[in-house]
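Have a look at the structure below, then the notes.
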Amino acid sequence: MTTRLEHNVADTRFEIYIDDTLAGYADYAEREDPKVRDFHHTMTFPEFRGRGVAAQVVEYALDDSRKSGFSVIPTCWYVEKYIAEHREYADLVS
Numbered sequence: 001m002t003t004r005l006e007h008n009v010a011d012t013r014f015e016i017y018i019d020d021t022l023a024g025y026a027d028y029a030e031r032e033d034p035k036v037r038d039f040h041h042t043m044t045f046p047e048f049r050g051r052g053v054a055a056q057v058v059e060y061a062l063d064d065s066r067k068s069g070f071s072v073i074p075t076c077w078y079v080e081k082y083i084a085e086h087r088e089y090a091d092l093v094s
């Protein structure tokens, strides 16, 4: 089983693929001044649930946001929960 994470800039979302099949994603809206990403929706397709797919894509999205100089608004309940459980991302919250 291969896992691939991608930043789909055109669709403003981070995606996770398992064996070349889209397994889930985290949608966001982006502002440049100030640099903020509002993560408003996270989705894992039913056949991939229970495998940590959402956690992987959210971690990737938060790491990319930090690297790119963005703060985040965790509008999505899952992103909010993930940050609460992984305090190393708390500094990103706008």
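Under full-length UniProt numbering, the sequence shown is numbered contiguously, ending at residue 94. Positions of the beta carbon are idealized from the N, C-alpha and C atoms, including for glycine.
The closest CA to that of Lys35, considering only Glu80, Trp77, Glu88, Lys67, is found on Lys67.
DSSP, reduced to helix, strand and coil, places Asp38 within a strand of the structure shown. In this structure, Ala26 sits away from Ala55, with a CB-CB distance that is not shorter than 7 Å.
Inter-residue distance for Leu5 and Asp33 is about 27 Å (C-alpha atoms, whole angstroms).
One alpha carbon belongs to Gly69, the other to Asp11, and they sit about 20 Å apart.
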